[in-house]
Amino acid sequence: MKKFMSAVAICGAMFLTACDSNAGAQNGDTVIIDFAGYKDGVAFEGGTATNFPLVLGSGQFVPGFEEQLVGMEVGETRNIDITFPQNYYPELAGQDVVFTVTVNEIVPAK
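What the sequence shown shows, in mature numbering (1 follows the signal peptide of the UniProt record, and there is no 0), is residues -25 to -1, 1 to 85, in sequence order.
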């Protein structure tokens, strides 16, 4: 019985750590997000995804995008303002856009 209770205590502690979202998403966490990008209020091609896995701090997205997701919680939706770099695809280079992002899941960094 003592071993069983120890195992329950350990598993319970691991569960609480994995589910603790008080701080929201942090660098190193994987966030599963839905997003849609808009230029002048119109969705642009290639700017939309559903259940997209993104490791915060990985530099996978344009500068400024991932940083604005830090602290978001599951179910939260936020508008992210971004200016694409000048060396980006010509149709979006240097353009200001807004991404509407919803966090569906947070997988804590290990």
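Even for Gly, the Cβ is constructed at its ideal location relative to N, Cα and C.
Use the C-beta contact count for residue i: other C-beta atoms within 10 angstroms, 16 or more gives buried, fewer gives exposed.
i     : result
Gly16 : exposed
Asp4  : buried
Gly12 : buried
Val82 : exposed
Ala18 : exposed
Glu20 : exposed
Could you give the first and the last residue of the continuous beta strand (DSSP E) run that contains residue i?
i     : result
Asn54 : 52 to 58
My output table needs one value for residue i: the three-state DSSP class, helix, strand or coil.
i     : result
Leu29 : strand
Glu41 : helix
Asn79 : strand
Gly12 : strand
Gly34 : coil
Val49 : coil
I believe residue i touches residue j by the beta-carbon criterion, under 8 angstroms. Please report the beta-carbon distance rounded to the nearest angstrom.
i     : j     : result
Val37 : Pro60 : 7 angstroms
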